[in-house]
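Below is one structure, written out as structure tokens; the observations come after it.
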Amino acid sequence: TTAYGRSKAHAAQLMNRAAAAGLDARTLRLFNVVSSPAPPRSPLEEFVNLIASSDGRSPVVVSVRNAATVRDFVPLTMAADAIWTISLSLRRHPVVNLCSGSGVTYAALVEALATAASVDVKLLDRAEDVPVSEVVGDARLLSSAYGINLNVGLQKLAAEAWRRDTKGSPQD
Numbered sequence: 185t186t187a188y189g190r191s192k193a194h195a196a197q198l199m200n201r202a203a204a205a206g207l208d209a210r211t212l213r214l215f216n217v218v219s220s221p222a223p224p225r226s227p228l229e230e231f232v233n234l235i236a237s238s239d240g241r242s243p244v245v246v247s248v249r250n251a252a253t254v255r256d257f258v259p260l261t262m263a264a265d266a267i268w269t270i271s272l273s274l275r276r277h278p279v280v281n282l283c284s285g286s287g288v289t290y291a292a293l294v295e296a297l298a299t300a301a302s303v304d305v306k307l308l309d310r311a312e313d314v315p316v317s318e319v320v321g322d323a324r325l326l327s328s329a330y331g332i333n334l335n336v337g338l339q340k341l342a343a344e345a346w347r348r349d350t351k352g353s354p355q356d
């Protein structure tokens, strides 16, 4: 287990202890956020910045480490609304995944971003000798207990990440 994984487990244990002590405490597991601007130091930020560097004359080369990597992406504004809804709910679940329940490969995300930006890309897959990872959340509790669906589809995710004005700077 990585330090990241251990920190998530420890935080969940603390929330469980707080709930056992009578506090209104829950663990909300937020998956990969899509926003504009993109989260700093994320693969999404890297992809968006590379595509934004297009001169419009030739395809942008987007180098991706393991393009078959699968992640679960959620729009930031919808995730924030979900947090608000869950915090006001009388339903008490100790752990809730804020996820779409749908996996997207890095390769598909790059292609969708390029389409949203009207830019031609050439995907360079730097496949490495490590297993391709797949991280997709289980969204059933989010849907059944809270009536929340964060699965908006790949094109809408790309459009959310690519909201830019005509000068190429992020919109407010």
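Note that my numbering has the sequence shown beginning at 185, numbered continuously upward. We treat Cβ as the ideally placed atom computed from N, Cα and C, and that holds for glycine.
Contact belief for residue i with residue j at Cβ below 8 angstroms, rounded distance in angstroms
i	j	result
residue 249	residue 310	5 angstroms
residue 246	residue 308	7 angstroms
Beta carbon of residue i nearer than 8 angstroms to that of residue j
i	j	result
residue 282	residue 207	no
residue 259	residue 218	yes
residue 346	residue 220	yes
residue 289	residue 252	yes
residue 326	residue 332	yes
residue 229	residue 223	yes
residue 285	residue 318	no
residue 305	residue 294	yes
residue 298	residue 235	yes
residue 187	residue 199	no
Buried/exposed call for residue i, threshold 16 Cβ in 10 Å
i	result
residue 241	exposed
residue 377	What is shown of the chain runs 185 to 356, which leaves residue 377 out entirely.
residue 353	Below a pLDDT of 50, predicted positions are generally treated as unreliable, and residue 353, at 47, falls in that range; the measurement from the model is reported next regardless. Residue 353 is exposed by the Cβ-count criterion.
residue 201	exposed
residue 356	Annotation note: pLDDT 44 at residue 356 (below 50); position unreliable, coordinate value reported separately. The residue is exposed, with fewer than 16 neighbouring Cβ atoms inside 10 Å.
residue 211	buried
residue 274	exposed
residue 349	With a pLDDT of 37 at residue 349, under the threshold of 50, the predicted position of this residue should be treated as unreliable, and no value is reported.
residue 300	buried
residue 204	exposed
residue 266	buried
Nearest residue (CA-CA) to residue i, options the options
i	options	result
residue 257	280, 341, 230	341
residue 344	237, 296, 329	296
residue 255	215, 196, 244	215
residue 323	246, 336, 222	336
residue 276	330, 284, 190	330
residue 213	203, 196, 239	196
Cβ-heavy atom distance, residue i to the ligand MG, below 7 angstroms
i	result
residue 226	In the structure on display, the ligand MG does not appear, and there are no ligands present to speak of.
Residues that residue i bridges to, as DSSP identifies them
i	result
residue 289	254
residue 213	281
residue 272	Paired residue(s): none; residue 272 is not in a bridge.
residue 306	245
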